[in-house]
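Everything on this sheet refers to the single structure shown next.
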Amino acid sequence: MIRRFGWLIPVSALVVLVAFAIAASAPGYHVVKTYKLGGDGGWDYLTLDPASRHLYISRSTRVMVIEADSGKSVGEIADTPGVHGIALAADLDRGFASNGREGTVSIFDPKTLKTSAKVKVGENPDAIIYDSATKQVFTFNGRSHDSTALDAAKGTVSGTIKLDGKPEFAVSDGKGEVFVNIEDKNELTVIDAKGLTVKTSWPLAPCDGPSGLALDREHRRLFSGCDKLMAIVNADNGKVVSTLPICDGVDATAYDDETHLAFASCHDGKLTVIHEYSPDKFSVVENATTQEGARTMALDPKTHQVFTVTAKFGPPPAATAQQPHPRPSILPESFVVLVLGK
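For reference, each letter of the sequence shown is one residue, going 3 to 344 in our numbering.
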């Protein structure tokens, strides 16, 4: 028992009170809209343009673009073989898509969705971001273990940065540094965006297999989504300031500057919500229900809603030498966008 203000409180009762307090403080995220889009192909990253209210969705060989507030189709960016991610340079009115199977980046017009050029980059470009400080686009190439920098205005390669292992997602601090998770080394690497060099790499132990990455720019805290764990890292010195349990099968993380909430979206059909009380104090406040396979997401800083996508799955195809562990098949026309809000 615990004595409190002269009363003896059973530990079991205290646990119930703490659980009730946490539940009462939960933001209450749940699915508020479902957009049934259908169509063939897998998916990867989502990118939201808050100004145009367009949501970009990678779909294997093309990028689907819809209105975020209604789900209505805007159009498609064609010919993006193995597309992974989409980056937007709003100040230049340009968009960029990383085409994994082709080893290229498509440069497109966000207004017309027409591709103006393709640029050769590294092998299997996956994550892609725009760094406004240097006006460069960075691709993170999974097979060649490097990053390609593009001059976003000219559409030409600025240089290549060799990395220590397989890069996953990355973020820019807008001040000249880019951070990237190195999945197979359980590291977080810091890149000098102007000098195109690696400044340092930090171990993420006990984080295993870091994928999604988000940044609280004001407090300089990075959120690395790992295997059932969120590692929160000081962006100035690499210290892991907190680790918290999250949902299973994370791929994406996000941070809301206004609400001070961090998110992790997972394959198990959960969205873990973490509250930042101070730069070194965090807690899980909610595990909202999404749908199995909803592992990637985009955060809307205007409405504070979270967009994620998934489909219904059938049995996997037969294994081959090229695909010894094939993914489950996607049932026709089952692809949906889930919108989570409070």
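A virtual CB, placed ideally from N, CA and C, is assigned to each residue, including glycine. Here the structure is a predicted model, which is why all the values come from computation and not from measurement.
From the options, pick the residue whose C-alpha is nearest to that of residue i; which is it?
i, options, result
"M411", "F309, R55, Q324", "With the chain covering 3 to 344 only, the question about residue 411 has no answer from this structure."
"N289", "P317, I248, A99", "I248"
"L152", "F140, T312, R145", "F140"
"V370", "A323, R55, A70, R145", "What is shown of the chain runs 3 to 344, which leaves residue 370 out entirely."
"T274", "T261, K116, T305, L231", "L231"
"H221", "D259, G211, S203, S244", "D259"
"D81", "E104, D93, K196, L301", "E104"
"L165", "E125, D175, A154", "E125"
"A64", "D51, G44, P52, A53", "According to the sequence displayed, residue 64 carries Arg and not Ala. Measuring from the Cα of R64, the nearest candidate turns out to be G44."
"T106", "T261, V123, L198", "V123"
"G30", "P112, I276, E335", "I276"
"G161", "T199, R145, E170, L190", "T199"
"I79", "T261, A296, A119", "A119"
"I193", "D186, V67, G176", "G176"
"E335", "K272, G41, A28", "G41"
"T114", "G144, K196, S54, V252", "S54"
Going by DSSP in three states, residue i sits in which element: helix, strand or coil?
i, result
"A91", "strand"
"S149", "strand"
"S118", "strand"
"S27", "helix"
"K351", "Any answer about residue 351 is impossible in this case: the structure gives the chain only from 3 up to 344."
"S134", "coil"
"T322", "coil"
"N126", "coil"
"P317", "coil"
"S336", "coil"
"G227", "strand"
"N239", "coil"
"H306", "coil"
"H327", "coil"
"A99", "strand"
"H73", "In the sequence as presented, His is not what sits at residue 73; that position holds Gly. G73: coil per DSSP, three-state reduction."
"E78", "strand"
"V233", "A small fix is needed here, since residue 233 is Ala in this sequence, not Val. DSSP places A233 in strand when its eight states are reduced to three."
"H2", "Residue 2 lies beyond the range of the chain shown here (3 to 344); nothing can be said about it."
Between residue i and residue j, is the Cβ-Cβ spacing less than 8 Å?
i, j, result
"F142", "A99", "no"
"A207", "N183", "no"
"T305", "L340", "no"
"A264", "G214", "no"
"V121", "N101", "no"
"D128", "G97", "no"
"P330", "G343", "no"
"R223", "N236", "yes"
"S60", "Y47", "yes"
"I131", "A91", "no"
"D229", "G240", "no"
"A135", "G178", "yes"
"L301", "A266", "no"
"T49", "Y58", "yes"
"H364", "K116", "Not covered by the structure: residue 364. The range shown for the chain is 3 to 344."
"D377", "V180", "No information on residue 377 is available, as it lies outside the stretch 3 to 344 that the chain covers here."
"S226", "L190", "yes"
"A323", "G295", "no"
Which word fits residue i, buried or exposed, when buried means at least 16 other C-beta atoms lie within 10 angstroms of its C-beta?
i, result
"R6", "For R6, the predicted model reports a pLDDT of 49, less than 50, meaning its position is unreliable; a value from the coordinates is still stated below. Burial call: exposed."
"F22", "Reliability fails at F22, whose pLDDT of 48 lies under 50, so the model's placement of it is uncertain and the value that follows must be treated cautiously. By the 10 Å Cβ count, F22 comes out exposed."
"A26", "In this prediction, A26 scores a pLDDT of 49, lower than 50, which makes its location untrustworthy; no coordinate-derived value is stated."
"V34", "exposed"
"S108", "buried"
"Q307", "buried"
"L333", "exposed"
"H56", "buried"
"S280", "exposed"
"P319", "exposed"
Is there a Cβ from chain B that is less than 8 Å from the Cβ of residue i?
i, result
"D46", "In the displayed structure, chain B is absent; only one protein chain is listed."
Q) Along the chain, which unbroken stretches of the beta strand (DSSP E) at least 3 residues long are found entirely within the segment 159-217? A) 169-174, 179-184, 189-194, 199-205
(Q) Please give the ranges of any beta strand (DSSP E) in the segment 249-290, keeping only runs that are unbroken, at least 3 residues long and fully inside the region. (A) 252-258, 263-268, 272-280
Q) For the segment 40-65, which segments carrying the beta strand (DSSP E) assignment without a break, of at least 3 residues, lie completely within its bounds, in sequence order? A) 48-51, 56-61
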